[in-house]
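What follows is a short report on a single structure.
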Amino acid sequence: MTTRRIKRVNSLLREVISETIRSDLKSQDQNELITITDVETSADLRHAKVFVSFIENDPKKKEEMLGKLNDKAKAIAAISSKKVVMRYFPELIFILDTALDNYMKIDTILKNLK
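Residue 113 is where the sequence shown ends in numbering that gives the first Met the number 0, and the numbering goes up by one at each step.
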C-alpha cells in the first residue's frame, strides 16, 4: 500500500527527473524520445524505480537507450537532487515500461476483429 507521502514524492520525482533529462542532459542523444511514465519509490525513500517509455519501434534500440539511461543514473540523480529538498535522494533504477506497447498490440487486435 502506497501512502499519500510516497505518492507525492513519486509525483515530484517524476517531474524533476523528466525536467533533468529534458533540459540538463539536452546535449545527449535523443532525449526528446524519452517519457517518464511512472516512479515507484521504496518506503525508506532510498531507491526509486523510474519507468520510461521510448518512441522507438526497434527493441534493440530501446534496450540500448535504457542502458545509456542507467549508465547516467547517478549523474541524473545528482542534478535532480539539487532541484528538490529531501534528506536522501533515492538511487535511480530505470526500467522499460511496456504498457504503451501492450496497449497498441491490443488495439491492433481489436481493430482486426471488426
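Heads up, the beta-carbon is just placed ideally off N, CA and C, and yes, glycines get one too.
Per-residue DSSP class, three states only, for residue i
| i | result |
| --- | --- |
| L44 | coil |
| T19 | helix |
| P89 | coil |
| K113 | coil |
| V83 | coil |
| L99 | helix |
Bridge partners - residue i, DSSP secondary structure assignment
| i | result |
| --- | --- |
| I94 | F50 |
| T34 | S52 |
| E39 | K48 |
Buried or exposed (CB count within 10 angstroms, at least 16 for buried), residue i
| i | result |
| --- | --- |
| P58 | exposed |
| M64 | buried |
| A47 | buried |
| S79 | buried |
| I108 | exposed |
| L112 | exposed |
Anticipated Cβ contact below 8 Å, residue i with residue j, distance rounded
| i | j | result |
| --- | --- | --- |
| I33 | F50 | The pair is not a contact, with the Cβ atoms about 11 Å apart (cut-off 8 Å). |
| I72 | F93 | For clarity, residue 72 is Ala in the given sequence; the question names Ile instead. The pair is a contact, with the Cβ atoms about 6 Å apart (cut-off 8 Å). |
| L91 | I75 | 6 Å |
| D37 | R13 | 7 Å |
Neighbourhood of residue i by C-beta, 8 Å cutoff - its chain only, sequence neighbours within 5 removed
| i | result |
| --- | --- |
| R45 | Y87, P89, E90 |
| K61 | F53, E55, L95 |
Own chain partners of residue i with C-beta closer than 6 Å, once the 5 adjacent residues on each side are dropped
| i | result |
| --- | --- |
| V15 | S79, K82, V83 |
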